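Scroll down for the structure; my scribbles are underneath it.
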Amino acid sequence: MLTWLAHILHWSFLDSGSVQTALLVGGSAAVVCSVIGVFTILRGYAFAGHALGDVSSAGGSASFFLGISPLVGFLGIAGIAAVSLEFLGVRRAREQDVATGIVLGAGIGLSALFLYLDTTTTSTTGAAVMVMFGSMFTFPVSLRGPAVLTAAVALAMMAILYRPLLLSMVDPELATTRGISTRWVGLLHLVTLAAAVALAALSVGAVLASALIIGPAGTAVRISRRPGLAIFLAVVLGLAAVWGGIWMAYESYYWFAGNAWPVSFFVVTIIFLSYLMSVPLQYALWRRIAKPVRMAANAGG
Amino acid sequence: MFDTFMIHTWIASTIIAATAGILGFFVVLRRSAFAAHALPLATFPGAAAAQLLGIQPLWGLLGFVTIAVVLLHQLQKLGRKDVAAGLVLVTLLAVGSLLLSMTNTYAPAVFSLLFGQVLGVSAADLWPVAVIASVVLIGAMGLYRPLLLQSAFPELALSRGISAGVIDILFLALLGLVTAMAMPVVGALLVFSLLIAPAAAAQSLSARPLQALLLAVMFSMGMIWLAIALSFWTNWPIGFFVGTMGALLFTSARMFRYIRHRWFSTGLPTTMKNQSMKLIPAAQPGEA
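Which chain is which? The protein sequence lines are A and B, in order.
Just so we're aligned, residue 1 is where the first sequence starts under our numbering, counting upward by one.
Just so we're aligned, residue 1 is where the second sequence starts under our numbering, counting upward by one.
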């Protein structure tokens with residue numbers, strides 16, 4: 001039975017070194033992004049999270065001609081973008097949309113220049129596709145350590161920020177009287193978000209990075225209103241999407257006669273379908289709750 | 001720079017910049033920057049799909065932009081608007097990455113779809129741009145008053161019989177048309193810069209709707225002209241110039257407003273909301 005199952009699932013795919021690296025790096029990206037994603041969605045920062053991913057593509061493309069690790073490039077630019085977002089007033093609800101848009105536009109512009117420099121100054125081809133749509137199966141083994149370290153630091157940050165961040169989201173005035181600087185907590189959340197986005201950009205690509213931030217967390221907060229449970233659900237969903245996507249991409253080589261489909265496509269499709277399925281599930285779960293409460297809960301964002 | 005082969009580029013980009021400036025005014029007013037960013041990227045697979053099916057790229061783009069508009073509108077009704085925009089964007093982009101992997105499109109083509117290929121505009125490319133721009137202009141003129149009222153006072157617009165849902169889908173449709181028109185020329189990511197930065201700068205400088213609208217069009221056209229010229233001289237991608245100039249324009253507009261307020265105490269401009277109050281009596285003149 002087990003051998004039959006192993007045969008069906010091609011478990012031998014776990015023996016491949018590049019698959020192991022993809023599972024490890026992609027898995028850490030999924031966990032970190034899902035945890036931070038819940039706070040990001042609840043704060044109404046989905047657009048900012050998406051913008052950080054797109055902007056980080058500038059770092060990814062710069063890493064080619066600077067000869068540095070792509071992770072460092074993604075992290076550096078996403079960090080700078082997070083601070084600029086705060087500086088342009090992303091915290092003020094009235095300004096958030098435009099501030100994010102401006103940082104996003106400038107970052108994309110830089111990315112265009114760096115990708116151009118990649119093609120003119122180095123012999124790199126396909127940098128645009130790799131940076132924008134990810135390259136999960138081509139990670140070097142040396143990436144494992146730094147990626148897991150980044151994920152661990154980001155998770156530790158979120159553990160520290162958990163209570164002050166929730167309190168400043170729910171009741172900023174109460175948080176201030178408790179001696180919490182809402183400004184600092186907000187900035188630290190953005191910087192940690194930037195680290196998570198950088199990991200995601202490395203895995204599924206810069207323009208698809210926000211799928212890991214928005215998708216699992218967006219589905220989880222539909223199903224549970226309790227932050228702890230929502231985080232747990234998001235992590236399970238995120239891991240299922242990334243690992244399932246890696247497995248399907250690996251298998252697709254056999255399904256489509258040697259034409260493997262991209263990993264990012266499978267990951268994002270799983271995420272999108274699970275969000276769609278959460279809609280009827282939410283209504284089934286919440287049937288007992290009065291309609292106005294449901295509507296108020298859905299009106300956010 | 002003004003050789004015959006560049007003439008088409010100048011004409012096409014001027015039309016695109018003007019249309020983007022007008023629509024960008026509403027994007028900034030309605031705080032729909034995420035939708036304005038999501039639509040062009042969600043349209044991106046259209047080009048690859050057209051290549052697979054062997055049809056004109058424009059039909060592929062129009063097809064995917066229609067899918068994106070409908071999906072976005074439906075998902076935004078179901079839950080959080082920003083989550084909906086993000087998911088539509090990444091899902092259609094992922095489909096795009098799949099289609100690209102099937103067509104064996106080489107990297108420079110992907111680059112130009114994302115960041116634009118302004119220097120390769122032919123006379124035949126001008127027709128769709130001109131036709132779609134006129135449709136969008138007529139649509140924007142017809143929608144000007146209800147759109148402005150609905151963006152500033154949703155409840156009041158509702159009491160006047162203007163449905164938020166209808167306005168929303170019409171607005172997204174106009175945005176989609178601009179996207180499909182501009183994408184082959186300026187690329188998916190640049191359309192967004194042209195939509196946001198000029199309009200955001202204009203609205204920081206003026207609170208009068210019409211004045212801000214004209215200012216946005218002027219900024220947008222000035223930006224793309226300067227960007228084409230700089231791109232022509234340096235050979236650097238036009239996306240770099242539009243993106244960074246947009247950020248510069250916005251920060252200088254904000255600084256100008258701040259200085260005017262601080263040193264000359266002429267006061268911050270009143271909000272667009274207060275100015276839109278003037279629209280209310282005019283909206284239904286015959287009413288008691």
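Cβ atoms here follow ideal geometry from the backbone N, Cα and C, with glycine treated the same way.
All figures in this text were calculated on a predicted structure; none of them were measured in a lab.
To the nearest angstrom, how far is the alpha carbon of residue i from that of residue j?
i, j, result
"Leu42 of chain A", "Thr244 of chain B", "31 Å"
"Ile11 of chain B", "Val90 of chain B", "32 Å"
"Thr192 of chain A", "Val136 of chain B", "41 Å"
"Arg225 of chain A", "Val185 of chain A", "22 Å"
"Pro281 of chain B", "Gly142 of chain B", "With a pLDDT of 47 at Pro281 of chain B, under the threshold of 50, the modelled position of that residue is not reliable, and the figure given next carries that caveat. Roughly 18 Å separates the two Cα atoms."
"Thr182 of chain A", "Ala195 of chain A", "20 Å"
"Leu215 of chain B", "Ser151 of chain B", "19 Å"
"Asp129 of chain B", "Val279 of chain A", "Rather than Asp, the amino acid found at residue 129 of chain B in this sequence is Val. Roughly 39 Å separates the two Cα atoms."
"Leu52 of chain B", "Phe25 of chain B", "36 Å"
"Leu205 of chain B", "Ala253 of chain B", "6 Å"
"Trp286 of chain A", "Ile223 of chain A", "9 Å"
"Leu177 of chain B", "Leu210 of chain B", "22 Å"
"Phe153 of chain B", "Gly107 of chain A", "33 Å"
"Trp261 of chain A", "Lys81 of chain B", "30 Å"
"Lys77 of chain B", "Leu71 of chain B", "10 Å"
"Asn235 of chain B", "Trp243 of chain A", "42 Å"
"Leu158 of chain B", "Ala140 of chain B", "20 Å"
"Asp171 of chain A", "Ile180 of chain A", "11 Å"
"Val32 of chain A", "Ala154 of chain A", "7 Å"
"Thr219 of chain A", "Phe219 of chain B", "40 Å"
"Gly239 of chain B", "Arg260 of chain B", "31 Å"
So with CB distances below 9 Å, who are the chain B contacts of residue i?
i, result
"His50 of chain A", "Phe34, His37, Ala38, Asp82, Ala85, Gly86, Leu89, Val90"
"Phe47 of chain A", "Ala33, Phe34, His37, Asp82, Ala85, Gly86"
For a contact defined as C-beta to C-beta under 7 Å, what are the partners of residue i on chain A?
i, result
"Val110 of chain B", "Ala128, Val129"
"Ser97 of chain B", "Phe133, Pro262, Ser264, Phe265"
"Val242 of chain B", "Gly109"
Just to confirm before moving on: does the CB-CB distance between residue i and residue j stay below 7 Å?
i, j, result
"Thr100 of chain A", "Ala48 of chain A", "yes"
"Ala227 of chain B", "Val217 of chain B", "no"
"Arg178 of chain A", "Leu24 of chain A", "no"
"Ala234 of chain A", "Gly37 of chain A", "yes"
"Ala68 of chain B", "Leu75 of chain B", "no"
"Met221 of chain B", "Ala20 of chain B", "no"
"Pro146 of chain B", "Ile169 of chain B", "no"
"Met132 of chain A", "Val207 of chain A", "yes"
"Phe64 of chain A", "Ala128 of chain A", "no"
"Ser203 of chain A", "Gly76 of chain A", "no"
"Phe266 of chain A", "Gly245 of chain A", "yes"
Given that residue i touches chain A, what residues does it touch there, using C-beta distances under 8 Å?
i, result
"Ala197 of chain B", "Gly101, Ile102, Gly105"
"Ala48 of chain B", "Those do not exist, as Ala48 of chain B stays about 12 Å from chain A at its closest Cβ, beyond 8 Å."
"Val178 of chain B", "Residues of chain A passing the Cβ test: none, with the nearest at roughly 16 Å."
"Ala200 of chain B", "Val98, Gly101, Ile102"
Name, please, each residue of chain A whose Cβ falls closer than 9 Å to the Cβ of residue i.
i, result
"Gly222 of chain B", "None at all; the shortest Cβ gap to chain A is about 16 Å."
"Leu126 of chain B", "The contacting residues do not exist; Leu126 of chain B stays about 24 Å from chain A at best."
Once DSSP output is grouped into helix, strand and coil, what is the label at residue i?
i, result
"Ser112 of chain B", "helix"
"Val207 of chain A", "coil"
"Thr116 of chain A", "The identity of residue 116 of chain A in the sequence shown is Tyr, whereas the question assumes Thr. Helix at Tyr116 of chain A."
"Pro262 of chain A", "coil"
"Arg94 of chain A", "helix"
"Ile162 of chain B", "coil"
"Arg226 of chain A", "coil"
"Tyr254 of chain A", "helix"
"Pro140 of chain A", "coil"
"Gly301 of chain A", "Confidence at Gly301 of chain A is low in this model, with a pLDDT of 41, below 50, so its placement is unreliable and the value that follows should be read with caution. Looking at Gly301 of chain A - three-state DSSP - the assignment turns out to be coil, as it is neither helix nor strand."
"Val292 of chain B", "Missing from the structure shown is residue 292 of chain B; chain B here goes from 1 to 288 and no further."
"Gly134 of chain A", "coil"
"Asp3 of chain B", "coil"
"Ala207 of chain B", "coil"
"Asp171 of chain A", "coil"
"Leu88 of chain A", "coil"
"Pro237 of chain B", "coil"
"Thr219 of chain A", "helix"
Residue i versus chain B: which residues are under 7 Å apart at the beta carbon?
i, result
"Tyr275 of chain A", "Leu87"
"Tyr116 of chain A", "Trp236, Pro237"
"Val207 of chain A", "Leu41, Leu93"
"Arg222 of chain A", "Gly79"
"Val279 of chain A", "Leu78"
"Val268 of chain A", "Val90, Thr91, Ala94"
Spell out whether any CB of chain D is found under 7 Å from the CB atom of residue i.
i, result
"Ala195 of chain A", "Included in the structure are the protein chains A and B, with no chain D among them."
Residues of chain B with CB under 8 Å from residue i, in chain order?
i, result
"Phe74 of chain A", "The contacting residues do not exist; Phe74 of chain A stays about 17 Å from chain B at best."
- Query: Is the region 159 to 174 of chain A touching the region 82 to 95 of chain A, taking contact as three or more C-beta pairs under 8 Å?
  - Reply: Taking a contact to require three or more Cβ pairs closer than 8 Å, the region 159 to 174 of chain A and the region 82 to 95 of chain A do not qualify as touching.
- Query: Would you call the region 61 to 68 of chain B and the region 176 to 185 of chain B in contact, with 3 or more CB pairs under 8 Å?
  - Reply: yes
- Message: I want to know whether the region 85 to 99 of chain B touches the region 37 to 52 of chain B - three or more CB-CB distances under 8 Å.
- Response: Because the criterion of three Cβ pairs below 8 Å is met, the region 85 to 99 of chain B and the region 37 to 52 of chain B touch.
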